[in-house]
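These notes concern the structure reproduced below.
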Amino acid sequence: MSSAEPTIDRVARADRLAPAEVAEAVALARLAGDADGADPFDEHTLLRLRDPEAPAVHLTARAADGTLTGYAHLDTTDPADGIGVELTVHPAYRRRGTGRALARGVLAAASGPLRAWAHGDHPSAAALAVDLGFARARVLWQLRRSLTAPLPDQPLPEGVALRAFRPGEDDAAWLALNTRAFAEHPEQGRWTPDDLRVRLAEPWFDPAGFLLAEETSTGRLLGFHWTKVHERPGSARIGEVYVLGVDPDAHRGGLGKVLTTAGLAHLRDQRKLDRVMLYVDESNTRAVALYERLGFARWCGHVNYRLD
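Residue 348 in my numbering sits at position 280 of the sequence shown, and the numbers go up by one each step.
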């Protein structure tokens, strides 16, 4: 082989990673995110990557000197519904076939339909998806807004009060409301007590930023706005509308707009942030319209590709 030809990295499969390998994959994801402007793995994948009991297939690509040059994560929780796939390649080791080798490894390891996310909708990811027969199935928009711009004054509906989430006391009631609010959502509506538990244990969790709308006469939960703050060394802090939901029976009362505004005010006034982001499905035109009326604009897109 001549020196001009690229070296194909070695791809290995494992059902579990050692702690040092997990740390390598997380560091690789951070490098790729800093280079691309969009993190290659979503929160769900990162949480599962750090959980040794989570059912998954791990594919690692390494150069001859042992450097981790690529990683692919296959979520095998429900193969019949679709295996979730996310992969990334080290920025310094691209254009040498590593991404394609990982993708072929994914196809070889899969035992059902595949759902692959391309965060940032990069052209190279789109080209690889087309070459391998994947179809563009879903688009998730990231919207952003400045918090220095004025927020609308949104009074609470009569008989409704806002309060902070109480860990351990509100868990069951919130999970029931979340299931109702996101009954048609492919991921959010399926949260289990364990899904909630691991997020409440995350370093970023702040109960004061988890706002609940409560019916004062009965104590029934009507809606919520869970906020989050992203803090990364070397990057500016940014808030997030992490999850926003309203009970279907409480729609059309303006509660969604009230909760959104209250959470933004919390991020601005209590957390001293000057910008905020959120994710919303392109197909959820009602939510997109609400956020655009509140001053949000499109920042980037994340595309889900499916292979049945």
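C-beta: ideal position from N, C-alpha, C; glycine also.
All of these numbers come straight from a predicted model, not from anything done at the bench.
Check	Outcome
Gly105, buried or exposed, once every other Cβ within 10 Å from all chains shown has been counted against 16	exposed
Spatial distance of His190 from Val371 (CA atoms)	9 angstroms
Status (buried if at least 16 other CB within 10 Å, exposed otherwise) for Gly302	exposed
Member of Leu215, Pro218 and Glu282 whose CA lies at the smallest distance from the CA of Leu245	Glu282
C-alpha distance - Thr135 paired with Arg164, whole-angstrom precision	14 angstroms
Segment contact, 8 angstroms Cβ cut-off, at least three pairs: the stretch 291 to 308 with the stretch 176 to 194	no
Thr128 beta carbon less than 7 angstroms from that of Ala80	yes
Gly152, enclosing beta strand (DSSP E) - first and last residue	Ile151 to Val157
Distance between Leu170 and Leu180 (C-alpha atoms, nearest Å)	According to the sequence shown, residue 180 is Gly rather than Leu. Taking the straight line from one Cα to the other gives about 17 angstroms.
Bridge partners - Trp31, DSSP secondary structure assignment	For the chain, the structure presents residues 69 to 376; residue 31 sits outside this window and is missing.
Proximity below 7 angstroms, CB of Arg78 to CB of Arg130	yes
Own chain partners of Leu211 with C-beta closer than 7 angstroms, once the 5 adjacent residues on each side are dropped	Met345, Leu346, Val348, Tyr359, Phe364, Ala365, Arg366 and Trp367
Alpha-carbon to alpha-carbon, His158 and Pro220	43 angstroms
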